[in-house]
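Structure first, commentary second.
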Amino acid sequence: MQRIPEEKIDEIRSQVDIVDVVGNYVQLKKQGRNYTGLCPFHGEKTPSFSVSPEKQIFHCFGCGKGGNVFSFLMQIDGLSFVESVKKVADLAISR
Numbered sequence: 001m002q003r004i005p006e007e008k009i010d011e012i013r014s015q016v017d018i019v020d021v022v023g024n025y026v027q028l029k030k031q032g033r034n035y036t037g038l039c040p041f042h043g044e045k046t047p048s049f050s051v052s053p054e055k056q057i058f059h060c061f062g063c064g065k066g067g068n069v070f071s072f073l074m075q076i077d078g079l080s081f082v083e084s085v086k087k088v089a090d091l092a093i094s095r
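The sequence shown lines up with residues 1 to 95 when you count with full-length UniProt numbering.
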């Protein structure tokens, strides 16, 4: 199995904004410091999905799913960790 050095993972993560990545999948609305939207992981009518640009994490108060940009892509696209890191790296390059 492929191993990516922790420093490289941190570098890749710092080059993208989770709001931009999640915004490709979820319509987000700024609300105070965070962005909110309808959770893509469960059906809902009232937004309970929150993205924090400050902390670079997401959390759904409805279903409890949460994490960083890598775990978001792993869950929404069914990617492995290594695949999600590569996808974020590609997004960082194309910015």
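Ideal placement from N, C-alpha and C gives every residue a C-beta, glycine not left out.
These numbers were taken from a predicted model, which means no experiment stands behind them.
Taking the beta carbon of I18 as the centre, do at least 16 other beta carbons fall within 10 Å, making it buried, or is it exposed? With 16 or more Cβ atoms within 10 Å of its Cβ, I18 is classed as buried.
With C-beta atoms as the reference, is I76 less than 9 Å away from Y35? No, Cβ-Cβ distance for I76 and Y35 is not below 9 Å.
Separation of R13 from A89, as counted between CA atoms: C-alpha separation (whole angstroms): 8 Å.
For F81, report the span of its alpha helix (DSSP H) as first-last. Counting along the chain, the alpha helix (DSSP H) containing F81 begins and ends at 81 to 93.
What's the C-alpha gap between V85 and G64? Near 23 Å, if we compare the C-alpha coordinates of G64 and V85.
Just to confirm my understanding: we take V22, look at its own chain, exclude 5 residues before and 5 after, and list those with CB closer than 7 Å. What are they? Excluding residues within five positions, the ones whose Cβ falls inside 7 Å are L28, V51, F58, F72.
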